[in-house]
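Heads up: the structure comes next, in structure tokens.
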Amino acid sequence: MLGAGARAPVIAADYSEEVVKAAYVFRLAGYVDWPGGAERGDFVIAVLGSPAMVRQLGGLAHAHLINNHPVRVREAASVRDIADPDILYVGAGRADSLRSWRPAASRSTLVVTDEEGGLQDGGMLNFLTIDRRVRFEVSLTAAGQAHLKISSELLGLAVRVFGVPRQSRGLCEPRPPAEPSANCASGVARMWPSSKVRRVMGAAA
Amino acid sequence: MSPAMAPFWRRTTVRARLMRLVLLTTVLAVWVAGIAMLSVDISMYRKSLVSELSTEASILALSTAAALEFDDRPVAERNLSALEARAGILAAALYTARGALFVSYVRPGNQPPPGVLSKESLRIAGDQAELVQPVRRGTETVGYIYLRGRYDLVNRVAAYVGIFVLVTLLSLAAAFLFASRLQARITRPLEVMAGVAREIVSRRDYSLRAQKTSEDETGVVVDAFNNMLEAVQASSQALREADRRKDEFLATLAHELRNPLAPIRHSVRLLESPKIDAQQRQWAREVISRQVQRMALLLDDLLDVSRITRGRLALKPQPTTLESIINAAVETARPLIDSKRHALTIDVPADRVVLNVDPLRISQSLSNLLTNAAKYTDPGGRIALAVRLLPEEIEMSVKDSGIGFDPESLTDMFTMFAQVSSAIDRAEGGLGIGLALVKGLAGLHGGSVSARSAGAGHGSEFAIHLPRALIVADAALPADPPDPGAGAIGTLRVLVADDNRDAADSLATILHMSGNEVSVAHSGEDALRLALLEQPQAIILDIGMPGMNGYEVARRVRAQAWGKKTLLIAVTGWGQAEDKQRSRDAGFDHHLTKPIDVAEVERLLGNFQVPRAAAH
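In order, the protein sequence lines correspond to chains A and B.
Heads up, the first sequence is in the working numbering, so the first residue is 37 and it goes up one at a time.
Heads up, the second sequence is in the working numbering, so the first residue is 51 and it goes up one at a time.
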């Protein structure tokens, strides 16, 4: 039996959405594998169209490492200015500008968007706000094209996951979020197969 | 103590004790092993429980770290709910890095996890164990996990005790079977022996034997038991034999002592008769003298044998010529030899031989052999006495043409009371102690005796073997002793004290007839009173008198001024060195052993008088 949890950590007034999202960006890095591994310099986060995020991420970068590397945060004024960071955060309403972005083939960039349909515009991970809480959805197809591996733990927390890794049988295709595929896993705790069975039974009941 | 009186724990059989020992040992071993195993298991159980909780916590940490980091409570709750399958986990919870409760899980009927994170990482209270472990992402602690498991020690110990009881019962059964088989091999021979022992005690039959069934220690005990039975049987037979011999001896002794009495009584009656003439009186006196002599010899032999047996006979060795020994022996045996018309031949070395022996005892031994030869040979037989100086020894042998003996009787021949059975019926009789006496006397001189016979009716040969070391140089021979008769003339004041009136009076009469002034006392007190009154020159004191004994009288006399020079002669039945020392210590000059020889007393008195006479 699941006990009633403590009071839900809602986003407080003095605790802006950017604070939570900046923390999540930092934490996301721990669940994503970049190709190339250890031989690399500073971890670079580029921010497009959100000065508030630049501030928040910049603050965190002083105190935290990502995968044992110092973190550099810079603001991209335009798509041309993006260069090839490790993480590209695209602020709300700027996702469509990604269509003109041509990342270098040699670098893998995790593209994080923050708007409805961000994954259709080329985002790999898109923040959503559901019930006043920050959640996210994932496009495995986009991440796979960039040779990025997203850990199953992270996928387990995703509201929706589109596409499948190359090794798996493809069931999900990127679709408009309004009609998610019934076949697609969505935020299931995959480590516990039994709970999946129970969920199916619960749904039948 | 009869078995019924013994306390119950001593009344049990060896079999029961053995069984009890085996069973006790088994129970002890099982429980010692069990307690050791239990203590190891408790510690192992605790360790394994902690490790189990810790592993569970680590797995949970892996699966819930992302949920904690991204604040995803439903996913975390689902992850915790998987613990439902783990019956040992009673409650679980996730806490944020700041220590606030994130999600929790509790198995129905158990306490929910604490709302505030405990500081302790491990806490065991009662039947529950709590573990708190951090959830890490790299070096960062993203939260804490709390697990509470069942620490079921009581049930575990109870289960163990149950198993021990079962194992104990099984072990006891196995030990019982095993011990029953084993102890049969140990106790069966004991029971057999106990049965034989009981049988022997009730039936007095020492010919029974226990059967030996094994070659181990029990077998040794059975052997020893049988050997002891053999020894007991042999010694009881020997005792019966000795008892029979003693009875025979007593009968013979009575007969032998009774025999001389008839002629003595007849002679006395004859002497009392007024019609007796001088020739008849002379004859009667000779009969009495001869028969008394015979009884005295008999009793002397008896006393000597008994002294030898008790180790109380002391030799008085002195250089003596072989010739004088032979003469004395032949002289003693001559009357019997002559009366049976035997032909006696004597063969001794031509050279003069001097021996350092007790002359009295050696000639006594030889005369015994001669007398025996004369007795056990039909009249007109031949007797040969021979002395040979062999390289190793001096052999004195007496050979006869008499009745001889069977070789079987050789073993018993020299023991006391033994007598050739056919000889008992012979007129000469005898006590059957002569050969025992000879053997004892030869032994005292460091020698031995031997006997040979070609069989019954073929004569026999007895020999005394003495070591050659007894031969001494001629010069050792003492000068002729002073003539005992010389001192007998003259008068001494003599006091004779003995509680045996006849002994005292007869000695006093003889000494009086020798010309001494004699007074007689029959107790120690009388003797002392008379001594103080008369101040005698010589006192002959019996030691064993009632009241004041001879030692005491002697000490009192010696305490007097006149008593310093008095001749004191002790008379006693005891002739050992320590007895003589005692009488010397009491102040006696001489120690005579009963029965005393009157001639010896007269010699001592004479010797005492000679220096006195010379001094005057």
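C-beta: ideal position from N, C-alpha, C; glycine also.
Note that the coordinates shown come from a computational prediction; the quantities given were computed from them, not determined experimentally.
*Would a C-beta distance cut-off of 8 Å place Val437/B and Val398/B closer than the cut-off?*
yes
*Does the beta carbon of Glu189/A come closer than 8 Å to any beta carbon on chain B?*
yes
*Alpha-carbon to alpha-carbon, Val404/B and Ala378/B*: 15 Å
*Are the Cβ atoms of Gly199/B and Ile236/B separated by less than 8 Å?*
no
*Under the rule that 16 or more other beta-carbon atoms within 10 Å means buried, what is Gly206/A, buried or exposed?*
Note that Gly206/A scores a pLDDT of 39, beneath 50, so its modelled location is shaky; the value from the coordinates is reported in the next line. Classification for Gly206/A: exposed.
_Reference Pro369/B; option with closest CA among Gly490/B, Asp524/B and Lys262/B_ = Asp524/B
*Name the residue from Gln178/B, Arg402/B, Asp629/B and Gly613/B whose alpha carbon lies nearest to the alpha carbon of Arg362/B.*
Asp629/B
*Cβ-based burial, Gln233/B [other Cβ within 10 Å; buried from 16]*: buried
*Where the beta strand (DSSP E) containing Asp592/B begins and where it ends*: Ala588 to Asp592
*Taking C-beta pairs closer than 8 Å, name the residues in chain B that Leu96/A reaches, listed in chain order.*
Here the premise fails: no neighbours, minimum Cβ distance about 12 Å.
_Measuring alpha carbon to alpha carbon, tell me which residue in Arg605/B, Leu561/B, Glu119/B and Arg136/B is nearest Leu578/B._
Arg605/B
*Check the Cβ-Cβ distances between Gly159/A and every residue of chain B, and say whether any is below 8 Å.*
no
*Whether Tyr201/B touches Ile174/B by CB criterion (8 Å)*: yes
*Who does Ala131/A pair with in a DSSP beta bridge?*
Paired residue(s): none; Ala131/A is not in a bridge.
*Grab me the residues of Ala182/A's own chain with a C-beta within less than 6 Å of its C-beta, minus the 5 sequence neighbours each way, in chain order.*
Ser144
_Partners in chain B for Tyr60/A, counting only beta-carbon separations shorter than 7 Å_ = Phe120
*Is DSSP giving Phe455/B helix, strand or coil here?*
coil
*Between Asn205/B, His515/B, Met94/B and Gly637/B, which lies nearest to Lys615/B when the distance is taken from Cα to Cα?*
Gly637/B
*Could you list the residues in the stretch 100-125 of chain A with a C-beta less than 7 Å from some C-beta on chain B, going in chain order?*
none
*Along the alpha helix (DSSP H) that carries Asp293/B, what are the first and last residues, could you check?*
Glu267 to Glu322
*How about Arg63/A: is its C-beta nearer than 8 Å to some C-beta of chain B?*
yes
*Spell out a yes or no on whether the stretch 134-144 of chain A and the stretch 98-109 of chain A are touching, meaning 3 or more CB-CB pairs, one atom from each, closer than 8 Å.*
no
*In terms of residues, what are the limits of the alpha helix (DSSP H) holding Pro385/B?*
Leu372 to Ser389
*In chain order, what residues of the same chain lie with their CB nearer than 6 Å to the CB of Gly509/B, ignoring the 5 residues before and after it?*
Asp450, Ser451, Gly452 and Gly454
*Flag this pair as touching only if the stretch 386-402 of chain B and the stretch 426-441 of chain B have three or more C-beta atom pairs under 8 Å; answer yes or no.*
yes
*Please name the residue, chosen from Ala143/B, Ala147/B and Asp177/B, that lies closest to Pro162/B on a Cα-to-Cα basis.*
Ala143/B
*Quick one: which chain A residues come within Cβ less than 8 Å of Val204/B?*
In chain order: nothing, as chain A lies at least about 27 Å away.
*Output, in chain order, the set of chain D residues within a Cβ distance shorter than 7 Å of Leu193/A.*
Given the protein chain composition of this structure (A and B), no chain D is represented.
*Are the C-beta of Glu209/A and some C-beta of chain B separated by less than 8 Å?*
In this prediction, Glu209/A scores a pLDDT of 44, lower than 50, which makes its location untrustworthy; the coordinate-derived value is nonetheless stated afterwards. Not an interface residue.
*Give the C-beta separation of Leu618/B and Ile589/B to the nearest angstrom, bearing in mind that I take them to be a contact with Cβ-Cβ under 8 Å.*
5 Å
*Compare the C-beta of Gly248/A with all C-beta atoms of chain B and state if any pair is closer than 8 Å.*
Since the first residue of chain A shown is 37 and the last is 241, residue 248/A is not available in this structure.
*In angstroms, rounded to a whole number, what distance separates the CA positions of Pro87/A and Ala126/B?*
33 Å
*Taking 8 Å as the CB-CB cut-off, is Arg187/B touching chain A?*
yes
*Are there 16 or more other CB atoms within 10 angstroms of the CB of Thr541/B, so buried, or fewer, so exposed?*
exposed
*Give the DSSP bridge partners of Asn599/B, in chain order.*
Per DSSP, none; premise fails for Asn599/B.
*Bridge partners of Pro369/B, per DSSP?*
Asn406/B
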